[in-house]
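Undergrad:
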Amino acid sequence: MVQNLTVSPSPHINKHHSTQSIMLNVIIALMPSLAAAVFFFRMKAVYVTATCVITCLISEWLCNWYRKKPNSLGDLSAVITGLILAFSVPPALPIFAAIIGSAFAIIVGKMVFGGLGANIFNPAMIGRAFLTASFGGLMTMWTVPATIDPNMPVMTAANTTVMTQATPLAWSKEAIKSKNVKDETKKVNASVANGMLKNLLTGSRGGCIGETCSIALIIGGLYLILTGIITWHIPAAVLISTFVFSSIPYFINSNYYASPVFHLLSGGLLIGAFFIATDPVTSPLTIKGRWIFGIGVGGLTILIRTLGAYPEGMMYSILLMNSVTPLIEKFCKIVPAGGIPNA
Amino acid sequence: MNFPGKLTFKGGVHPNDYKTLSSQCAIKTIPVPKQLSIMLSQHIGAICKPLVNKKDTVTTGQLIANADAFVSAGIHSPVNGTVKDIALCSHPVLGRAQAIIIESSDDNQPKQPVPNTFDVSFNPALYSADKIFDAVRNAGIVGMGGAGFPTSVKIKANPKAPITDIIINACECEPFITCDYRLMLEWTYQILAGASLISKSLGCNNIYIGIENNKPDAIDIFNKAIKTTSFASNIKIAPVKTKYPQGGERQLIKSILNKEVPTGGIPPMVGVLVSNVATCAAIAEAVVLNTPLTHRVVTVSGNGIKNPGNFYAPIGMAVGELIETAGGLTHDAVKIILGGPMMGFAIADLATPLTKTSGAITVLAQKDIVKRNQTPCIRCGRCIASCPVNINPTKIAHGVKHNQLDIAQQYYMSACIECGCCTYICPADIDLTGYIKTGKILVARQKKLMPK
Amino acid sequence: MIFENTFIFAQIDLLKLWQDAWPAAVTMLVLGFGFAVILLVASEKLKVVQDERIEKVAAALPGANCGACGCAGCADYAKMVVMDPTLLGKCAPGGSKTMALIAGILNLQISEDVPKRPIVHCNASKDDKTYLAKYDGIPSCTAANAIANTQACKFGCLGFGDCKAACKFSSIKIVNGLATIDYNTCTGCGACMKACPRGLIEMVPFKQSRIMTVACRSQESGKDTKAFCKVGCIGCKLCTKQTDAFEVNNNLAKLDYNKYSPNEQFETAMKKCPTGIIVFRGKE
Amino acid sequence: MLSKIKFFMQQSWLLLLASFLFGLMIAVADTAWKPKVEENKTGKVKNMMKGLINANSFEVAAKDVNIPSDKGFIKTDIYKAVDEQGNVLGYEYITSGSGFGDKIELIIAVDAKCEKYLGYQVLSSNETPGFGDKIKGDYFSKQFVGAPAAEFTLVKVGKAEDIDNQIVAISGATITSTAMVNIFNKSIVSVKETLAQKGLIK
Amino acid sequence: MADGINTSPNYFNALTAGLWKENPTFRLLIGMCPPLAVTTAVKPALTMGLCVIFVLVCSNMVISLMRNLLKPHLRIIMFCLSIAAFVTVADLYLKAFAPDMSEILGAYVPLIIVNCIIIFRAEACASKSNVLVSILDGIGSGSGFTCALIILAGIRELLASGKFADIQVMPKGFVPWAAMQMPVGAFVTLGLLIGFAAIITAPKKD
Amino acid sequence: MSNISVLIMAFLSVVIVNNFVFTKFLGTCPYLGCSGRIDTAFGMGLAVTFVTTLSGILTWLVDHYILVPNKLEITRYICYIIVIAGAVQLVEMYVKKFFPPLYKSFGIFLPLISTNCVILGICLFINIWGINNLPEVAVLSAGAGIGFTVAICIMAAIRETLKLADVPPALKDAPITLITAGLLTLGFMGFTGMIK
Ligand SMILES: Cc1cc2nc3c(=O)[nH]c(=O)nc-3n(C[C@H](O)[C@H](O)[C@H](O)COP(=O)(O)O)c2cc1C
Ligand SMILES: Cc1cc2nc3c(=O)[nH]c(=O)nc-3n(C[C@H](O)[C@H](O)[C@H](O)COP(=O)(O)O)c2cc1C
Ligand SMILES: Cc1cc2nc3c(=O)[nH]c(=O)nc-3n(C[C@H](O)[C@H](O)[C@H](O)COP(=O)(O)O)c2cc1C
Ligand SMILES: Cc1cc2nc3c(=O)[nH]c(=O)nc-3n(C[C@H](O)[C@H](O)[C@H](O)CO)c2cc1C
Ligand code: SF4
Ligand code: SF4
Ligand code: SF4
Ligand code: SF4
Ligand code: FES
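Residue numbers (my numbering), protein chains in the order written: chain L, 62 to 404; chain Z, 111 to 562; chain X, 6 to 289; chain E, 732 to 933; chain H, 3 to 208; chain S, 265 to 460.
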């Protein structure tokens, strides 16, 4: 060899966008929400988030080690799984539960399928679903944000007020469930009009670590879309369909049902629309498929929120749509530009 | 000016084009090489049989190999000399193939380009369609844009499938390559003459020249020339969007004419002929001066080349020699590519000769190539979005990888034009195009279409 | 606790028992009668003639209808196997025993006087070959074969193991860049032959348990072959002088395997070969 | 014809014989074990009742009482728990309402004066394990033992140890908890009325 | 003599094959419904296992007895008939003597009739072998099945309630994983166990 | 008419909320065995739907008009299974003889499923739920089959994509299918409480 030459099939150049850089950008986009979470829930948020991320990394490393596969921590997807999982659990979640959830998410949700890219379901949502199913009580213990509760000691996890209810969605759910209690919904809808809307936007409310601050989530989501990390189709489909489907019951009877704006801003909808439903691995590849997927997520969410037993349906609707993603792809095959060849 | 198409197509990528490395270098003639290896298979269709034997003497322009088949093109000697051997020689695509090895005699003068033969006064009416066909066939002209399809076959009018539009492909969308660009600037009238000869031969008057809009001077010079000539007044310049692979014929047809060539089909099916500018120039020269195709302009460029430039080189010249002409390799050159970095063929044997379709030698330096470090597909869909023929590269590639060719075929593997956009864009560094090419070979072998 | 009173009916009056029990028994009898009639009539009237081997195979199957074979139940699998014997061995519950049975029914041992076995016509390991460049593409022979100058020799084994992947019996190993066949486990199915993009593998009649071969396919001139490979055939024709079973064409010696028999002449030819490319292949 | 019958019998005698014998077998088993099965069925309710009030016998105090529930009324019997001396220890009745998963069926016990609950037993339910089915556990059910037989209210936060009219919900199972409270609240009024009508309580 | 040599390992084989080599749940993957449905706790799983052993042994015996008398078109119906009869008996027995188990198992006891193991053993063994082999085979397969049920139920019960067979095992602070009692727990645990079994039995590769 | 809405609710309930595969664990064997390819899965699903409908109705009729009036409940299991097995065998023979194309597309699955848990399961559950009118029986039994079809088709599509994934060898096929099914049930939990 005269010169250290290389031969390979064409093309011989490629673009400097790697899996790692994509994942890194997602992590960056999640940072505003993390900041908001730390602001509202103080060290609790930090502890839970750190536990989830670290456990995810360790679990992935262990699986790779067991299978004698090259280390894949560098692609950073496990960090995202940890962050998203942490963002979708209550701040007061005990550390042991965070560990179980993260390990389940990575091992059963991802590595048994073959690791990055092979999983059918969103690992973080699998982890969350497992936690919800296992520790329902712990998963519905909401912490009063520091902004509302002036007693919340700064920078310590102990002794903060934990209340068992009072997420906005839970109010609205109760109103639907007990059909005769009109006041609850009225309260909700009225609160959207005054004051509550602001709280929904800023995040000064009970809820999961990363879901409360709508503004931070929107900033992160726009960052992802504008930098081309995700396409806009899934978020748009989710948001539009949520809006449309939730206005139907609202216009039929606005005494019982919450307003579309409330639905858009409450619960895990925004983080789901921007960060979770858009997980490329578990959503369809094609644009048409992405529309179907997004509409499905929005529709099911509203279905579960209004008719189901749970106050929030984002996680379940994402998991359900994940499961039909292969079917969607099967039936939304893209057609070559020159049309389908005969015979 | 209005065009039926939007001057762009769906998909494609925007690699850094590096054209400035050689775009200002005028076409240079070079000394006659000592030895030439002329490949017997330089085009699509029947492989030529040698007409000369070892030790025969040959003269410049002498037909040295030919095939009887209709889809084929003869091969001529670029120099005076003797046949040293007929033996295996490195071939950029086939690996090793038969070549006629000619030792040039000392009396050779380097061939000079002939653009000055052509000017405003050119009159295509002097040449009948039959004459044009014969001249092109006798000159052994094949498509110089890359595919190497015998041009005579393309320009023969077929009453059953008349050609309604002619597109001259002047996009040159691959990074680094500037040979067509230089041709346009320097051989403007020769190209226009070639185009009008094609139109004469096919009896079709809609001619478009598709030029990427990052070459405004070429667009200008053509526009001016068209205004001044009468024979080329029907030619329209289409400033298409700069995007790889704008020069792919399907993409160009879509951009300019808004027509889709059917999957698995060819442009004549939608009544279009696409021809490269260099091909046009060769046609003009062959018809007017009766000279065969023995030389072509080759861009030697890349960050691994000391003095990039555009050279008028004889076919059969060894790549290594031409690289030396361009100053040689830099110390960090790692990949020598016959063609551009997107579709070209990497070679390692510097004795590999040029063929009629080799428009460029690109030498990449360490910093240009990205070490392939394949990670799992994250299903991001970028490959689909960038695919100019709108197929699903990742599904196909994974089908091939897991030996499930039926899946690959269900996702229209055969429609792939091997442009390389998907591999280029893939964040997981998966060699999608490589898998697809492999899959096509496997399918062909399954169908026993390909000899082993 | 649970077991006390189990045999409570031992104390019960048998007559009463009968009185209580007969309606059920009789109903069952009637039911049985009804189905016996219907099914008998149906089985006579609705009989469909089919390949009798299918029934035999079906009988040999476990009948679990478990679907492990990927077919719709045992009967379907039976039909499929009869039509396409390559599906043999898909029945997991049945295991190898069932497989043998089915093979027996289908007469799968194709009787053959001289069994054919594959020979890889290359003997160059990585160290014997010249490389002009590093190949940095898909690790598959088919892919690498499409790239010029993956290795200097265009004819030799690429060593990415397409043949290995095709062999269902794990009989091929890649040893230092050269495909090597384990003749003890090779069944002669020929899958490897179809897989090799360079056509290096040929199915050869093995009259003996091992056979001689010119393990090279290089048609390069002697000079180039030498430059490309330490163990390539340079077409020197020394072997042809020993026996006419060897023939040199296009710079390459070929052995007519039908003419081969283990004797002196061949041994000498083997010894004479300057690059040592005439070798034995087969069981040790 | 005869040959056909013969052919039939040849083919099918085994089936006929087997049907008959198996029929006999299960019929015998059934006859032999039926009393025990019946006993188990009634025994289960009896045992549960006994678990609530350790009485000697349970007599029907009122038959087919209409008790309001989610879907109109359900008919049920009220039993009187009597000890060996014939003292009335309390009353028990079966009632139901719809929970989270499915119907929840309860046996509720009140004291002889119908002033206090003596507790409840879950006859059948299909609540989620770990959530709604905690109603079977002590933590939740103890709240009802000794609680005044009046309207309950459900609270989310509070002390479960306090025996009063505030029932602390099972966390994560508000719906089930609400359902339980509703079952108690809906039934107790008509039970009281019925017993008062019969003059059994004041 | 020769006969004895040939057949005596046969008996042994019949008895032991089902325990591991041909374990219906972990190796053959048949009769998968009960392992999922009745393994929320050890006790019902054990009860179920015993029922299956009983039915398997009885039906194997009966089918083996009449194996030479079967007519093709009545085959399936004869199998069903005998299996269903024994299942009915088992069901009645549970109702009479283990009413709480009967209630927990509910429809899954009659569903033994259509459990794939039973038909499979009937077809694969009983209709081809003599009575003794069939009975041993029934015991073997049934025990293998029962063991599988108990392992699965043990894991699930332990994690879902901290108990094993109703005996508290886990330390006080353990928070039960309710999900293990739900369908997820069943499917995932069984999937992982089968994978584990495959790893144990996988031939060592070089 | 509320009657219709009852039927619709019953249907949705048995197809989605109380899907037999996911909540009652019935028909697991074919669910594992036949979910490798989507066309096989669909054929299997059709066949199951056909047979559940047929046998659900038949057994209900037998139960309602023969067994209960004559106090023969004790022979219920035997009668059910014999009715199912007999009916399926008859239909199979009939279809095979007279409609060979139909037989090809789904008939071949029939013998496989006559002894499948879903079939007997739906008959037993109809009895346990105490359904007492024919339309509801028909809807429920067809729904059980359709629920199975939905479940197996989703799984088949998933498994087709998993074919191209690097699943650990030990978990290939059945184990990963079980795990996926488990995770699917997590998703289906979202429907809880939607229909009582
Ligand atoms: C991405 C995401 C998805 C969620 N999905 C669900 C869900 O499917 N079901 C649920 O009960 N809560 C879900 N949550 C949590 C709810 O959004 C949040 O707890 C909500 O306020 C419901 O509270 P409640 O259960 O007390 O009413 C999700 C949170 C996030 C961040
Ligand atoms: C991806 C792709 C890119 C191409 N780019 C060019 C190009 O830039 N210039 C060109 O002349 N031909 C290009 N070609 C070749 C054209 O498709 C077409 O074969 C050629 O223009 C026909 O002209 P010819 O027969 O004169 O070569 C490209 C082909 C492909 C598949
Ligand atoms: C897996 C799971 C099972 C549940 N089971 C029940 C249940 O059986 N009963 C119930 O009332 N709520 C159940 N819930 C919770 C309700 O959906 C809802 O979150 C609850 O009404 C909120 O109660 P909280 O306000 O006490 O947190 C369950 C939730 C999950 C995630
Ligand atoms: C836009 C985007 C969104 C992502 N969202 C998630 C997520 O919601 N949950 C998660 O576990 N991983 C997420 N990931 C990381 C990664 O794709 C995921 O872990 C894979 O599913 C693992 O195979 C995301 C990645 C990207 C690029
Ligand atoms: S571009 Fe690469 S990572 Fe993205 S979908 Fe295509 S193959 Fe997968
Ligand atoms: S190489 Fe083929 S698949 Fe890839 S982008 Fe180009 S045409 Fe599409
Ligand atoms: S593929 Fe067949 S012929 Fe080739 S080595 Fe393997 S068993 Fe032998
Ligand atoms: S023999 Fe052929 S297929 Fe096998 S490794 Fe060598 S080149 Fe590849
Ligand atoms: S045990 Fe239910 S289908 Fe096999």
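Glycine included, C-beta positions come from ideal geometry on N, C-alpha and C.
Report whether the distance from the Cβ of S/THR292 to the nearest heavy atom of ligand 9 is below 6 Å.
TA: As a first step, residue 292 of chain S must be located in the sixth sequence, where it is residue number 28. Checking the Cβ of S/THR292 against ligand 9 gives yes.
Undergrad: With DSSP collapsed to three states, give me the class of E/LYS890.
TA: Against the fourth sequence, residue 890 of chain E aligns to sequence position 159. It is coil, neither helix nor strand.
Undergrad: Determine which residues of the region 359–375 of chain L have a Cβ less than 8 Å from any Cβ of chain S, and write them out in chain order.
TA: Residues LEU361, LEU364, ILE365, LEU368, GLY369, ALA370, TYR371, GLY374.
Undergrad: Any heavy atom of ligand 7 inside 6 Å of the beta-carbon of X/ILE177?
TA: For the purposes of this step, residue 177 of chain X is taken as the residue at position 172 of the third sequence. Yes - ligand 7 has a heavy atom lying nearer than 6 Å to the Cβ of X/ILE177.
Undergrad: Who are the neighbours of H/TYR95 on chain E, taking C-beta pairs under 8 Å?
TA: Looking up residue 95 of chain H in the fifth sequence gives position 93. Those within 8 Å of H/TYR95 in chain E are ALA760, TRP764.
Undergrad: Mind checking who Z/ALA423 pairs with in its DSSP beta bridge?
TA: Translated into positions along the second sequence, residue 423 of chain Z becomes position 313. Partner(s): Z/ARG406.
Undergrad: Taking one C-beta from the region 257–266 of chain Z and one from the region 319–330 of chain Z each time, how about it: are there three or more such pairs within less than 8 Å?
TA: Result no; under three Cβ-Cβ pairs closer than 8 Å.
Undergrad: Should Z/ILE251 go down as buried or exposed, given a rule of 16 or more other Cβ atoms within 10 Å for buried?
TA: To locate residue 251 of chain Z, count along the second sequence from 1; it is residue 141. By the 10 Å Cβ count, Z/ILE251 comes out buried.
Undergrad: Tell me which residues share the same chain as H/ALA167 and place their Cβ nearer than 7 Å to its Cβ, disregarding the 5 neighbours each side in the sequence.
TA: For the purposes of this step, residue 167 of chain H is identified with residue 165 of the fifth sequence, where counting begins at 1. For H/ALA167, where only same-chain residues beyond five positions count, the Cβ hits under 7 Å are VAL44, LYS45.
Undergrad: Is the shortest distance between the beta-carbon of S/LEU450 and the beta-carbons of chain E less than 7 Å?
TA: As a first step, residue 450 of chain S must be located in the sixth sequence, where it is residue number 186. It does not; no Cβ of chain E falls within 7 Å.
Undergrad: What is the C-beta distance between L/LEU285 and L/ILE291, in whole angstroms, given that I count them as a contact (C-beta under 8 Å)?
TA: The residue given as residue 285 of chain L occupies position 224 in the first sequence. The residue given as residue 291 of chain L occupies position 230 in the first sequence. Confirmed, Cβ separation roughly 5 Å.
Undergrad: 7 Å is my cut-off, CB to CB: does Z/ASP459 come that close to chain X?
TA: As a first step, residue 459 of chain Z is located in the second sequence; it is residue number 349 there, counting from the start. Chain X contact via Cβ: present.
Undergrad: Relative to chain L, which residues along the region 893–925 of chain E have a C-beta separation below 9 Å, given in chain order?
TA: Residues passing the 9 Å Cβ filter: ALA900, ILE901, SER902, GLY903, ALA904, THR905, ILE906, THR909.
Undergrad: X/PHE40 versus chain H: which residues are under 7 Å apart at the beta carbon?
TA: Here residue 40 of chain X refers to the residue found at position 35 of the third sequence. Per Cβ cutoff of 7 Å: ILE79.
Undergrad: Give, in chain order, every residue of the region 411–434 of chain S whose Cβ lies closer than 7 Å to some Cβ of chain Z.
TA: Answer in chain order: LYS427, LEU428.
Undergrad: Compute the distance between the beta-carbons of Z/ASN500 and Z/ASP539, then report whether it is under 7 Å.
TA: Locating residue 500 of chain Z in the second sequence gives position 390, counting from the first residue. Locating residue 539 of chain Z in the second sequence gives position 429, counting from the first residue. In this structure, Z/ASP539 does not lie closer than 7 Å to Z/ASN500 by Cβ.
Undergrad: Can L/THR3 be considered in contact with ligand 6, in the sense that its beta carbon sits closer than 6 Å to one or more heavy atoms?
TA: With chain L represented from 62 up to 404, any question about residue 3 of chain L goes unanswered, as that position is not in the structure.
Undergrad: Go ahead and pull the three-state DSSP assignment for L/TRP203.
TA: Here residue 203 of chain L corresponds to residue number 142 of the first sequence, with the count starting at 1. In the structure shown, L/TRP203 sits in a strand (DSSP, three-state: E or B).
Undergrad: Tell me, please, whether the CB atom of S/ILE338 is closer than 7 Å to any CB atom in chain E?
TA: Residue 338 of chain S sits at position 74 when you count from the first residue of the sixth sequence. Cβ-Cβ to chain E under 7 Å: yes for S/ILE338.
Undergrad: If I measure Cβ to Cβ from Z/LEU367 and keep anything under 7 Å in the same chain, skipping five residues before and after, which residues do I get?
TA: Residue 367 of chain Z sits at position 257 when you count from the first residue of the second sequence. For Z/LEU367, where only same-chain residues beyond five positions count, the Cβ hits under 7 Å are PRO114, GLY115, ASP275, VAL382.
Undergrad: Is the CB-CB distance between X/ALA80 and X/ALA63 below 7 Å?
TA: Here residue 80 of chain X is taken as the residue at index 75 of the third sequence, counted from 1. Here residue 63 of chain X is taken as the residue at index 58 of the third sequence, counted from 1. Yes, they are a contact pair.
Undergrad: Per DSSP, which residues does E/ASP842 bridge with? Please list them.
TA: Numbered from 1 along the fourth sequence, position 111 holds the residue referred to as residue 842 of chain E. E/GLY821, per the DSSP bridge assignment.
Undergrad: Out of Z/ASN386, Z/GLY454, Z/GLY419, Z/GLY426, which has the shortest C-alpha to C-alpha gap to Z/GLY438?
TA: Looking up residue 438 of chain Z in the second sequence gives position 328. Out of Z/ASN386, Z/GLY454, Z/GLY419, Z/GLY426, Z/GLY419 has the C-alpha closest to the C-alpha of Z/GLY438.
Undergrad: Is the shortest distance between the beta-carbon of E/ASN778 and the beta-carbons of chain B less than 7 Å?
TA: The structure shown contains no chain B; its protein chains are L, Z, X, E, H and S.
Undergrad: Can you tell which of H/GLY193, H/MET172, H/ILE85 has the C-alpha that lies nearest to the C-alpha of H/ASN117?
TA: Along the fifth sequence, one-based indexing puts residue 117 of chain H at 115. Cα-wise, what sits closest to H/ASN117 is H/ILE85.
Undergrad: As a quick exercise: from L/ILE270, L/PHE174, L/ALA194, L/ASN260, pick the residue whose alpha carbon is nearest that of S/ILE443.
TA: The residue given as residue 443 of chain S occupies position 179 in the sixth sequence. Looking at the Cα atoms, L/PHE174 is the closest of the given residues.
Undergrad: At a Cβ threshold of 7 Å, is E/GLN742 touching chain X?
TA: Start at 1 with the first residue of the fourth sequence, and residue 742 of chain E comes out as number 11. By this cut-off, E/GLN742 is an interface position.
Undergrad: Quick one: measure Cβ to Cβ for L/ALA298 and L/ILE356, integer angstroms, because I've assumed they're closer than 8 Å.
TA: As a first step, residue 298 of chain L is located in the first sequence; it is residue number 237 there, counting from the start. As a first step, residue 356 of chain L is located in the first sequence; it is residue number 295 there, counting from the start. L/ALA298 to L/ILE356, Cβ: 5 Å. Contact.
Undergrad: Give me the DSSP bridge partner(s) of E/ALA793.
TA: As a first step, residue 793 of chain E is located in the fourth sequence; it is residue number 62 there, counting from the start. In DSSP, E/ALA793 forms a bridge with E/ILE809.
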